[in-house]
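Numbering (the working numbering), first residue to last: 142 to 385.
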Ligand code: SF4
């Protein structure tokens, strides 16, 4: 009996590396003001990841979900209205219990919810997609990430994400293969060719990777445009702007 009461009253916890207000630096919502909730861990190890070092060092804290919502309220009050709350990481869908607790709170406040995800947890998405306004799905060609392939997970994920507003973004490194890009394009085209498809050339601390950009310009953009209706190149801007 005592244990039951403790279970009922135990706060929902999550792992957070940071919460901050800034400007979205990538994708089609570039330049929009957002509150970023950065979850701690990720299931992938993309070699270009800005957060990998912090994640491997365990630089995140266990915090009650109520504190996360309180911090969002503070930013909304002190920094003015934001376009949306970006649930990012790490991989937010690894924290399904926390998302199930946070999302209704954000909806109750009429805040727009924006999920930045690596698109590898379709079953988790299925449980929360009804409370997400925008899904920013990274599609991960293995020759770009250096990690394993996630084609099946991506296909299932995108079919679910399509129930709300979704765009696909893929980071292009000079190592990416044409076969992987063809497969990425085909995957999106089979789900819905109208889904916006964003090429993001790898961004280094010194600026954009010119070889990656050349690959997109000379080869991949034309390839994608043959099957998809909305193809764009949008580099990461926040490093150039010098903001988080
Ligand atoms: S999926 Fe995203 S957060 Fe995870 S390792 Fe790759 S770039 Fe980093």
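Ideal placement from N, C-alpha and C gives every residue a C-beta, glycine not left out.
Backbone secondary structure at residue i - three-state DSSP
| i | result |
| --- | --- |
| residue 214 | helix |
| residue 342 | strand |
| residue 368 | coil |
| residue 174 | strand |
| residue 142 | With a pLDDT of 48 at residue 142, under the threshold of 50, the predicted position of this residue should be treated as unreliable, though the coordinate-derived value follows. Coil, per DSSP. |
| residue 347 | coil |
| residue 164 | strand |
| residue 373 | strand |
| residue 169 | coil |
| residue 204 | strand |
| residue 220 | coil |
| residue 199 | coil |
| residue 268 | helix |
Whether residue i touches residue j by CB criterion (8 Å)
| i | j | result |
| --- | --- | --- |
| residue 170 | residue 224 | yes |
| residue 288 | residue 260 | no |
| residue 314 | residue 340 | no |
| residue 155 | residue 180 | yes |
| residue 209 | residue 243 | yes |
| residue 158 | residue 195 | yes |
| residue 306 | residue 275 | yes |
| residue 369 | residue 329 | yes |
| residue 182 | residue 235 | yes |
| residue 111 | residue 256 | Shown here, the chain extends from 142 to 385; a query on residue 111 therefore has no answer. |
| residue 168 | residue 298 | no |
| residue 321 | residue 282 | yes |
| residue 265 | residue 285 | no |
| residue 226 | residue 268 | no |
| residue 164 | residue 384 | yes |
| residue 258 | residue 232 | yes |
| residue 202 | residue 160 | no |
Near the ligand SF4: residue i beta-carbon under 7 Å from a heavy atom
| i | result |
| --- | --- |
| residue 295 | no |
| residue 192 | yes |
| residue 360 | no |
| residue 231 | yes |
| residue 186 | yes |
| residue 321 | no |
| residue 279 | yes |
| residue 251 | no |
DSSP bridge partner residues for residue i (one or two, in chain order)
| i | result |
| --- | --- |
| residue 257 | 277 |
| residue 180 | 157 |
| residue 226 | 176 and 254 |
| residue 245 | According to DSSP, residue 245 bridges with nothing at all. |
Check: residue i C-beta below 7 Å from any heavy atom of the ligand NAP
| i | result |
| --- | --- |
| residue 346 | Absence of the ligand NAP is noted for the structure shown, with the ligand SF4 being the only ligands found. |
| message | My parser needs the beta strand (DSSP E) runs of 3 or more residues fully inside the segment 279 to 336; what are they? | response | 306 to 313
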